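Following: one structure in structure tokens, then a few remarks.
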Amino acid sequence: HASEGALSPFVEGGYHHAVYGADVVLAPLNLCAETLDAIRNHSWNRPAPSTPEGEVVAWADRLAYVCHDFEDAVDAGIVEPHELPAAVAEVVGSDRRTQLHRFITAMVQTIASTGTVSLRTEEAEALAAFREFNYERIYLRPEAIDQADRSSRLIAGLAEFYLEHPARLPDAVGLVPGSPEATAAAVHYVSGMTDRFAHRAALDLLGWDERALPRSA
1 HASEGALSPF
11 VEGGYHHAVY
21 GADVVLAPLN
31 LCAETLDAIR
41 NHSWNRPAPS
51 TPEGEVVAWA
61 DRLAYVCHDF
71 EDAVDAGIVE
81 PHELPAAVAE
91 VVGSDRRTQL
101 HRFITAMVQT
111 IASTGTVSLR
121 TEEAEALAAF
131 REFNYERIYL
141 RPEAIDQADR
151 SSRLIAGLAE
161 FYLEHPARLP
171 DAVGLVPGSP
181 EATAAAVHYV
191 SGMTDRFAHR
201 AALDLLGWDE
211 RALPRSA
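Note that the sequence shown ends on residue 217 in my numbering; no numbers are left out.
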């Protein structure tokens, strides 16, 4: 989540995608408190959600990104399936389909037997080892860190541009450059950009060289 570090200087108390995501939908969608709580607390480093449904969402997020990121890294030739630690492969397998099936089955069985939304100890330890492997071999690779730095500079640069030129924002009316309102609007707009849109904006508005743009790492 390179955007969190890039946008934090523009948000009082720092930017966290889960918290900000809940704030963004707070007014326009009229969601109930339980749904907002689940959005706000779905990440690893947030408090546990207040409802069982929210806990299921949080676990689903964890399982999905750990398994999918590993699969993507295998497809990209960054790691090989046989490199997965035995503590992971022997418990949940080495391919995404098998891994998700075993994690989800373990969770359903744990809920049925204990009433708690959690994993059995064996699968929980496998998930922790899996996440550690992904960090060491995928997320913290020099190439990945370089791309994250490029992404951060791009996002921060766009936020800075729009808060100083709020008239370039869609539907912006009467925003004073550099004002708190312009800053909030800039963060809201930039945080909702797709990669392709942000890349085009960096080329058109910031004068970036295409070779400097972040790419998949």
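Where is the CB? At the ideal position from N, CA and C, for every residue including glycine. Remember, it's a predicted structure, so these values are computed and weren't measured experimentally.
Where the alpha helix (DSSP H) through residue i begins and ends
{"i": "E83", "result": "From DSSP, E83 is part of no alpha helix (DSSP H); its letter is neither H nor E."}
{"i": "D37", "result": "A33 to R40"}
{"i": "I145", "result": "P142 to E164"}
{"i": "A184", "result": "P180 to S191"}
{"i": "P201", "result": "According to the sequence shown, residue 201 is Ala rather than Pro. Per DSSP, A201 belongs to the alpha helix (DSSP H) from D195 to L205."}
{"i": "G14", "result": "Unbroken run through G14: none, as it is neither H nor E."}
{"i": "E123", "result": "T121 to N134"}
C-beta atoms of residue i and residue j nearer than 9 Å
{"i": "R120", "j": "A106", "result": "yes"}
{"i": "L158", "j": "A201", "result": "yes"}
{"i": "E182", "j": "L163", "result": "According to the sequence as given, residue 182 is Ala; it is not Glu. In contact: A182 and L163 (Cβ atoms closer than 9 Å)."}
{"i": "F133", "j": "L205", "result": "no"}
{"i": "I138", "j": "A73", "result": "yes"}
{"i": "L63", "j": "F103", "result": "yes"}
{"i": "R96", "j": "H68", "result": "yes"}
{"i": "V57", "j": "A38", "result": "yes"}
{"i": "V19", "j": "V187", "result": "no"}
{"i": "R156", "j": "P9", "result": "Checking the sequence shown, residue 156 turns out to be Ala, not Arg. Cβ atoms of A156 and P9: closer than 9 Å."}
Nearest residue (CA-CA) to residue i, options the options
{"i": "R215", "options": "S151, R200 and W208", "result": "S151"}
{"i": "A86", "options": "V19, E122 and P52", "result": "E122"}
{"i": "G192", "options": "F10, V24, G5 and E12", "result": "V24"}
{"i": "V108", "options": "V91, W59, D95 and A89", "result": "W59"}
{"i": "T51", "options": "C67, T116, A212 and E210", "result": "T116"}
{"i": "F70", "options": "V57, S94 and D61", "result": "S94"}
{"i": "I78", "options": "D195, E136 and W208", "result": "E136"}
{"i": "E53", "options": "G207, I111, V187 and W208", "result": "I111"}
{"i": "R131", "options": "R211, W44, W208 and S118", "result": "W44"}
{"i": "V88", "options": "A124, G5, E143 and T114", "result": "A124"}
{"i": "V66", "options": "E80, H82, P81 and L100", "result": "L100"}
{"i": "E143", "options": "F197, G14, G5 and A76", "result": "A76"}
8 Å contact criterion, which residue i and residue j should meet: CB distance rounded
{"i": "L203", "j": "Y189", "result": "Actually they are not in contact, since the Cβ atoms of L203 and Y189 sit about 17 Å apart, beyond 8 Å."}
{"i": "L7", "j": "A22", "result": "Actually they are not in contact, since the Cβ atoms of L7 and A22 sit about 15 Å apart, beyond 8 Å."}
{"i": "S3", "j": "H16", "result": "10 Å between Cβ atoms; not a contact."}
{"i": "P166", "j": "P180", "result": "Wrong, their Cβ atoms sit about 11 Å apart, outside the cutoff."}
{"i": "A126", "j": "V91", "result": "4 Å"}
{"i": "N41", "j": "P28", "result": "Rounded, the Cβ-Cβ distance is 20 Å, inconsistent with contact."}
Query raised in the report: For the segment 47-105, which segments carrying the alpha helix (DSSP H) assignment without a break, of at least 4 residues, lie completely within its bounds, in sequence order?
Result: Taken in chain order, the complete alpha helix (DSSP H) segments of 4 or more residues contained in the segment 47-105 are 52-75 and 86-92.
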